[in-house]
Amino acid sequence: MPEHRIGIIGTGGIARVHANGYRAVLGDLGSVVAGCDPDRARLNSFCDRHDVALRFETTDELIRSGEVDVIALLTPPAVRHEVIGPAAERGIHMLVEKPFGECLGDAISFLDAAEDGGARIAVNHELRFMPDALRTHELVTAGAIGDVRFIAHDQFQNRTTVGGWRATEKRLEISIFSIHLLDKLRWIAGKPPVSVVCPTRAWNADVAGETFASLTVQFEGGAVGTMVSNWHSPRVPECRLRVDGVSGSILSTKQAIVDGDATLRVERSDGGVETTAYRLKEAMAHTMGRSMRGLLEAVDGGGEPMHSGLDNLQTMAMVDAAYLSASRDGARVEIAEVWENPSAAS
Ligand SMILES: NC(=O)c1ccc[n+]([C@@H]2O[C@H](COP(=O)([O-])OP(=O)(O)OC[C@H]3O[C@@H](n4cnc5c(N)ncnc54)[C@H](O)[C@@H]3O)[C@@H](O)[C@H]2O)c1
Numbered sequence: 025m026p027e028h029r030i031g032i033i034g035t036g037g038i039a040r041v042h043a044n045g046y047r048a049v050l051g052d053l054g055s056v057v058a059g060c061d062p063d064r065a066r067l068n069s070f071c072d073r074h075d076v077a078l079r080f081e082t083t084d085e086l087i088r089s090g091e092v093d094v095i096a097l098l099t100p101p102a103v104r105h106e107v108i109g110p111a112a113e114r115g116i117h118m119l120v121e122k123p124f125g126e127c128l129g130d131a132i133s134f135l136d137a138a139e140d141g142g143a144r145i146a147v148n149h150e151l152r153f154m155p156d157a158l159r160t161h162e163l164v165t166a167g168a169i170g171d172v173r174f175i176a177h178d179q180f181q182n183r184t185t186v187g188g189w190r191a192t193e194k195r196l197e198i199s200i201f202s203i204h205l206l207d208k209l210r211w212i213a214g215k216p217p218v219s220v221v222c223p224t225r226a227w228n229a230d231v232a233g234e235t236f237a238s239l240t241v242q243f244e245g246g247a248v249g250t251m252v253s254n255w256h257s258p259r260v261p262e263c264r265l266r267v268d269g270v271s272g273s274i275l276s277t278k279q280a281i282v283d284g285d286a287t288l289r290v291e292r293s294d295g296g297v298e299t300t301a302y303r304l305k306e307a308m309a310h311t312m313g314r315s316m317r318g319l320l321e322a323v324d325g326g327g328e329p330m331h332s333g334l335d336n337l338q339t340m341a342m343v344d345a346a347y348l349s350a351s352r353d354g355a356r357v358e359i360a361e362v363w364e365n366p367s368a369a370s
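Here the sequence shown stands for residues 25 to 370, numbered as in the numbering used here.
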């Protein structure tokens, strides 16, 4: 099997986690051969640390170099258009950090470009690869708790200090954090979303975007999902995922969604009880590696990765609907409305 040559665009904070994860998980499947960042000091520091020889200061140079067949796009959300279109034209496959785009309309255009160029895109919702999340999804899809009626996924954290590009993002909490929670809600529900209500609050005067969101989503078939994400929980950090089916319940508790330590409790109406304590070291890096491996295996095998760009359009539709609802003071928004006019929410 050929080894894929990966170029990392954006060698900032999250790039280090990706690089560590690829090294730990990919084996012969692929390795990082190039880095790209206009910030020369960051580029050199990253490439020196991870032993990457090829260094580019512009995305255009990296894309045209012919040295990579896969790109990991790890830049702030505004840097998507300049990479995805030109790379897709050359058939370069991409793992794109969340959010896939700044709005659903952008995401649709990126997917169109990928289809035209024969490139595959996966969106980095690596937290689906956490062991508690994988097990929950496996149990639900195997019918272990019967038809799903309710899913709740919440996170409470103290994240009042927000710096860098995040401080000026008008779409902040949902678009760059709880999009992970929404993606998992939808993945576990296994059905398209129908409507969303989502009041938000901008409680941090130093930043442009919202820092609290409380969302309810209704799925096709009647299941309901809720998500609360609060960046202003002074104490007792908590991330919980609860699924109630007709014949059982699943509860994962941990301190934060990125945490590898979790306790998963499954109780079935027939009396079956299963409690598992997960202790995954270097959890974030591990899941980044799994995420890239999913893309590379799909490229080699000719299939679609489970976190494909196509799949992600439904998550982006929920995000756009959430912002539209917030702009209407938390009123109900039909998902059909954002599909009819995908740029309306941007
Ligand atoms: N999946 C996750 O769990 C997770 C966690 C953190 C961040 N992220 C995502 O990763 C992305 C980057 O976040 P970060 O925390 O690493 O930010 P960061 O600011 O630490 O790093 C971003 C890097 O991109 C570089 N950059 C900016 N414009 C560029 C361009 N045109 N070409 C090449 N490089 C460019 C910057 O110089 C910087 O080095 C965001 O989309 C964010 O949402 C995902």
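Every residue gets a Cβ at the ideal spot worked out from N, C-alpha and C, and that includes glycine.
Predicted, not measured: the structure shown is a model, and the values here were computed from it.
C-alpha distance - residue i paired with residue j, whole-angstrom precision
i, j, result
"Glu-244", "Pro-217", "6 Å"
"Val-252", "Ser-133", "30 Å"
"Ala-350", "Glu-91", "44 Å"
"Val-297", "His-161", "17 Å"
"Ser-370", "Glu-126", "The predicted model places Ser-370 with a pLDDT of 46, which falls under 50 and marks its position as unreliable; any figure quoted below should be read in that light. Rounded to whole angstroms, Ser-370 to Glu-126 spans 7 Å at the Cα level."
"Thr-287", "Ala-39", "28 Å"
"Ser-69", "Leu-86", "18 Å"
"Leu-239", "Val-357", "11 Å"
"Asp-84", "Met-154", "34 Å"
"Gln-181", "Glu-234", "14 Å"
"Gly-167", "Asp-230", "46 Å"
"Ile-274", "Leu-196", "30 Å"
"Trp-363", "Ala-341", "7 Å"
"Ile-33", "Ser-293", "49 Å"
"Asp-93", "Ala-322", "14 Å"
"Glu-139", "Val-343", "23 Å"
"Val-241", "Leu-334", "20 Å"
"Phe-236", "Thr-224", "5 Å"
"Asp-130", "Val-221", "22 Å"
"Val-56", "Gly-295", "49 Å"
"Asp-63", "Glu-81", "7 Å"
"Pro-258", "Val-186", "15 Å"
"Ile-30", "Ile-198", "29 Å"
"Arg-352", "Arg-73", "47 Å"
"Ala-345", "Thr-250", "14 Å"
"Pro-261", "Leu-205", "16 Å"
"Ile-359", "Ala-247", "15 Å"
"Val-120", "Thr-300", "32 Å"
"Ala-355", "Glu-361", "13 Å"
Contacting residues, own chain, Cβ-Cβ under 6 Å from residue i (five flanking each side not counted)
i, result
"Met-308", "Val-41, Val-282"
"Gln-179", "Ser-253, Cys-263, Ile-281"
"His-256", "Trp-227"
"Gly-141", "Ala-112, Glu-113, Gly-115"
"Met-312", "Val-41, His-42, Gly-45, Glu-150"
"His-331", "Ala-146, Val-147, His-149"
Beta-carbon contacts of residue i that lie in its chain and below 8 Å, excluding the five residues immediately before and after
i, result
"Ile-200", "Pro-101, Lys-122, Pro-123, Arg-190, Glu-193"
"Arg-79", "Ala-58, Gly-59, Cys-60, Leu-67, Asn-68, Cys-71"
"Lys-208", "His-149, Leu-151, Arg-152, Ala-157, His-177, Leu-265"
"Thr-165", "Gly-214"
"Gln-338", "Arg-210, Pro-216, Pro-217"
"Val-107", "Ile-33, Thr-83, Ile-87, Ile-95, Leu-97, Thr-99, Met-118"
Counterpart residues of residue i in DSSP-defined beta bridges
i, result
"Tyr-302", "Ala-286"
"Val-297", "Glu-291"
"Glu-121", "Asn-148"
"Ala-176", "Thr-250, Arg-266"
"Arg-79", "Gly-59"
"Gln-242", "Ser-219, Val-248"
"Glu-358", "Ser-219"
"Trp-236", "Trp is not the amino acid found at residue 236; the sequence shown has Phe there. Its beta-bridge partners are Arg-225, Asn-254."
"Arg-29", "Ser-55"
"Asn-182", "His-256"
Continuous alpha helix (DSSP H) stretch holding residue i: start and end
i, result
"Thr-160", "155-165"
"Ser-273", "Segment 272-278 is the beta strand (DSSP E) holding Ser-273; no alpha helix (DSSP H) there."
"Ala-341", "333-351"
"Thr-311", "307-325"
"Gly-34", "Where Gly-34 is concerned, there is no enclosing alpha helix (DSSP H), given that its DSSP letter is neither H nor E."
Same chain, Cβ closer than 7 Å to residue i, neighbours up to 5 away in sequence not counted
i, result
"Leu-163", "Ile-169, Ile-274, Val-290"
"Asp-285", "Lys-278, Tyr-302, Arg-303"
"Arg-317", "Val-49, Leu-50, Leu-53"
"Asp-171", "Gly-269, Val-270"
"Thr-184", "Asn-228, Trp-255, His-256"
N-terminal and C-terminal residue of the beta strand (DSSP E) that residue i is part of
i, result
"Ala-96", "94-97"
Residue-chain proximity (residue i, chain B), Cβ-Cβ < 8 Å
i, result
"Ala-138", "No chain B is present in this structure, which holds just one protein chain."
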